[in-house]
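Heads up: the sequence shown begins at 1 in UniProt numbering, then just goes up one per residue. Down below is the structure, laid out as structure tokens.
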Amino acid sequence: MNSYTMSIFLSSLSAGTIITISSYHWFLAWIGLEINTMAIIPLMIKPHHPRATEAATKYFLTQASASALILFSSLINAWTTGEWTIMEIQNPLSSIMITTGLAIKLGLAPFHMWLPDVLQGLDMMTCLILSTWQKIAPMALIIQLNQCLNFEMLTIMAILSTVLGGWGGLNQPQMRKIMAYSSIAHLGWMIMILPFSTSLTLLNFTIYLTMTSMMFMTFFIIKSNNINTMSISWIKSPVLTALLMTTLLSLGGLPPLSGFMPKWLIIQELVKQNMTMMATIIALSSLISLFFYLRLSYSISLTTPPTPSNFSLSWRLKPQTLLLTSYIFALSTMLLPMTPLMLNIMI
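Right, here's the structure in full:
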């Protein structure tokens with residue numbers, strides 16, 4: 001793709017997200033979401049492959065349905081209350097419809113089935129954009145509306161997301177599908193704590209963005225698409241493979257890595273709110289997710305291919321790539337000692 005064309009699409013992605021985050025009117029927020037959707041579709045079909053076309057079609061239909069729900073619910077709310085402002089959702093039907101539309105946008109269970117199929121048909125950098133940047137705008141709307149949305153519906157979707165996100169990734173050999181189910185499980189943790197602490201939701205979301213960015217950038221550099229190619233990644237780049245294995249353990253929430261911090265704080269806050277059963281359910285479901293993270297770490301570090309590899313040892317990376325991955329790796333794994341500082345900043 002031409003660099004000028006690529007810059008236009010990336011600028012449109014940025015503009016759509018900024019419009020949605022900064023908007024006070026429902027129509028402007030909807031326009032920002034639509035700009036986001038239309039800007040990423042050309043990036044999806046860039047490989048000119050049938051799987052990419054199928055993924056772009058599924059993504060467009062799903063996001064169009066979610067946008068229609070959001071616009072229709074805002075129209076109903078404006079009709080009954082006379083208010084177009086985002087914070088004025090008083091109609092119960094509008095609240096349920098907006099919750100459903102934003103859940104489809106994010107890929108929360110039970111509206112999650114489009115996400116693994118769409119990611120499987122894309123290249124790694126488009127997967128990175130879809131798993132990180134495209135979730136900022138709907139997450140910002142959910143955080144703004146957390147007191148207006150249906151609490152019972154959010155809790156059910158959060159529990160389903162953590163459980164199904166763990167179960168779905170167990171037998172997946174493809175890295176993109178594993179990352180899709182990992183995204184669903186992490187979103188379940190964010191939505192579970194949202195009605196009680198928006199600061200913890202923002203903290204979890206920020207750490208999720210850094211860990212997911214590190215994973216997809218490493219997959220892109222070492223060109224690993226499934227578990228079988230992960231076993232020969234040591235030959236391609238030993239340093240990046242070690243960083244990848246550590247980031248996987250951080251995604252699983254093992255101490256003393258960064259991924260342990262949001263899970264620890266969320267469980268602590270849920271216990272304070274007398275929701276011990278919910279905390280127990282999502283903690284047990286995280287063990288399921290931890291299993292396939294450990295399986296990936298095992299295939300990276302303790303298995304060798306049965307035949308000699310033809311890959312040459314990549315002992316040197318580009319300085320820009322190494323610098324960027326070093327920064328993201330530090331954020332993905334070394335933030336646990338800074339927990340008090342992070343809490344003071346977020347609160």
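Just so it is clear, CB atoms sit at the ideal spot from N, CA and C, and this is done for glycine as well.
inquiry  = Taking 9 Å as the threshold (C-beta atoms), are Y24 and T85 in contact?
reply    = Using a Cβ distance threshold of 9 Å, T85 and Y24 count as a contacting pair.
task = Go ahead and label I345 buried or exposed: buried means 16 or more other beta carbons lie within 10 angstroms of its beta carbon, across all protein chains shown.
result = Counting the other Cβ atoms within 10 Å of the Cβ of I345 gives fewer than 16, which makes it exposed.
inquiry  = Less than 7 Å between C-beta atoms, sequence neighbours within five positions excluded: which residues of the same chain meet that for A66?
reply    = For A66, the CB contacts under 7 Å within the same chain, skipping 5 residues up- and downstream, are G101, I104, K105 in chain order.
H112 (DSSP reduced to helix, strand or coil) = Here H112 sits in coil by DSSP.
Between the CA atoms of K46 and T5 - distance to the nearest angstrom = If you take the alpha carbons of T5 and K46, they lie about 11 Å apart.
task = Express the C-alpha separation of A68 and L28 in angstroms, rounding to a whole number.
result = Near 14 Å, if we compare the C-alpha coordinates of A68 and L28.
request  = Please state whether DSSP places L186 in a helix, a strand or coil.
outcome  = Inspection of the sequence shows that residue 186 is occupied by His rather than by Leu. Three-state result, H186: helix.
query = So the alpha helix (DSSP H) K236 belongs to, where does it begin and stop?
reply = 233-236 is the extent of the alpha helix (DSSP H) around K236.
query = For F260, which residues of its own chain have a beta-carbon under 8 Å away from its beta-carbon, when the five flanking residues on both sides are left out?
reply = Counting only Cβ-Cβ distances below 8 Å, and skipping sequence neighbours, we find S250, G253, L254, L336.
task = Could you spell out where the alpha helix (DSSP H) holding F72 opens and where it closes?
result = For F72, the enclosing alpha helix (DSSP H) begins and ends at 50-81.
ask   = Based on the DSSP output, what are the partners of T85 in its beta bridges?
value = In the DSSP output, where bridge partners are listed per residue, T85 has H25.
inquiry  = According to DSSP, is N226 part of a helix, a strand, or is it coil?
reply    = N226 falls in the strand class under three-state DSSP.
request  = Mark G82 as exposed unless 16 or more other C-beta atoms lie within 10 angstroms of its C-beta, in which case mark it buried.
outcome  = G82 comes out exposed.
task = Return the chain-ordered list of same chain residues with a C-beta closer than 6 Å to the C-beta of A158, the five sequence neighbours on each side being excluded.
result = If we look at A158 and ignore the five residues flanking it on each side, its Cβ neighbours are G188, I191, M192.
inquiry  = Here's the rule: buried if 16 or more other CB atoms are within 10 angstroms of the residue's CB, otherwise exposed. What is T280?
reply    = Sixteen is the threshold: since fewer than 16 other Cβ atoms of the shown chains lie within 10 Å of the Cβ of T280, the residue is exposed.
ask   = For the alpha helix (DSSP H) that K105 lies in, which residues bound it at each end?
value = In the DSSP assignment, K105 falls within the unbroken alpha helix (DSSP H) covering 92-106.
task = Sort out for me which residues DSSP pairs Q174 with in a bridge.
result = In DSSP, Q174 forms a bridge with N226.
inquiry  = Closer than 8 Å is the cut-off here; do at least three beta carbon pairs connect the segment 47-56 with the segment 120-129?
reply    = In this structure the segment 47-56 touches the segment 120-129; the number of beta carbon pairs closer than 8 Å is three or more.
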